[in-house]
Amino acid sequence: MRGPYVAVIGAGRATGEQERVAEQVGALLAEAGAVVLSGGLGGVMRASCRGAHERGGLTVGLLPGGDRSEGNQFLTVALPTGMGELRNGLIARTADGLIAVGGGWGTLSEIGFAMRLGRPLVAVGSWAVTAPDGGPTYPVMGSPDEAVAWLLREIGHPTAH
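Taking the numbering used here, the leading residue of the sequence shown gets 1113, the next gets one more, and so forth.
This is how it looks when you write it as structure tokens:
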């Protein structure tokens, strides 16, 4: 049995720094035995899969289109949904927890789905959404190490630091 499924969500067109952070997140998750789940394309998705792949981790991409060849080369499993951006709900539903790195409106939609579903969520250099009462809704961490450690603890993964 594999470890928890952790979605790494973020910018499809990422900055170099966002890709560096996402790659480190993917590597840390793989080292902890987690399955890295993403939208399977470029940017943060590709970088997190690369980090996990290089550490021997399992990566799963829920692709927006109908062709599995659209997925990045670091996917272990590419699942074409044919759902476009509506797959964002599937990503949040499938994940045991999510880590957001950078991102735009698609990332914000995944954050919204995660919050609606009550999934543990942490951000590194991404959206910082506040509740209607002005309080924080999820933590925003300063490093990949902090974000991964927090999320693994939150989902009760035994290898959490």
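Just so you know, even glycine gets a beta-carbon here, dropped at the ideal spot from N, CA and C.
Length of the line joining the Cα atoms of residue i and residue j
{"i": "residue 1158", "j": "residue 1184", "result": "6 Å"}
{"i": "residue 1131", "j": "residue 1238", "result": "13 Å"}
{"i": "residue 1125", "j": "residue 1216", "result": "9 Å"}
{"i": "residue 1155", "j": "residue 1162", "result": "11 Å"}
{"i": "residue 1140", "j": "residue 1228", "result": "26 Å"}
{"i": "residue 1188", "j": "residue 1243", "result": "37 Å"}
{"i": "residue 1192", "j": "residue 1258", "result": "32 Å"}
8 Å contact criterion, which residue i and residue j should meet: CB distance rounded
{"i": "residue 1137", "j": "residue 1260", "result": "6 Å"}
{"i": "residue 1194", "j": "residue 1177", "result": "7 Å"}
{"i": "residue 1148", "j": "residue 1127", "result": "Their Cβ separation, rounded to whole angstroms, is 20 Å, which puts residue 1148 and residue 1127 out of contact at 8 Å."}
{"i": "residue 1234", "j": "residue 1202", "result": "No, residue 1234 and residue 1202 are not in contact; Cβ-Cβ is about 20 Å, not under 8 Å."}
Beta-carbon proximity check, residue i vs residue j, cutoff 8 Å
{"i": "residue 1305", "j": "residue 1204", "result": "With the chain represented from 1113 up to 1273, any question about residue 1305 goes unanswered, as that position is not in the structure."}
{"i": "residue 1146", "j": "residue 1167", "result": "no"}
Best match in the options for proximity to residue i [C-alpha to C-alpha]
{"i": "residue 1213", "options": "1117, 1150 and 1266", "result": "1150"}
{"i": "residue 1254", "options": "1240, 1245 and 1267", "result": "1240"}
{"i": "residue 1200", "options": "1115, 1268 and 1221", "result": "1221"}
{"i": "residue 1232", "options": "1245, 1181, 1186 and 1210", "result": "1210"}
{"i": "residue 1223", "options": "1117, 1122, 1114 and 1270", "result": "1122"}
{"i": "residue 1207", "options": "1186, 1197, 1230 and 1198", "result": "1230"}
Closer than 8 Å to chain B by CB, residue i
{"i": "residue 1200", "result": "Checking the listed chains, one finds no chain B in this structure; it contains a single protein chain."}
Those runs of the beta strand (DSSP E) which lie wholly inside the stretch 1115-1161 and span at least 3 residues:
Within the stretch 1115-1161, the beta strand (DSSP E) runs of at least 3 residues that lie entirely inside it are, in chain order, 1117-1122 and 1147-1150.
Could you tell me which whole alpha helix (DSSP H) segments of length 4 or greater appear in the stretch 1228-1272?
1256-1266
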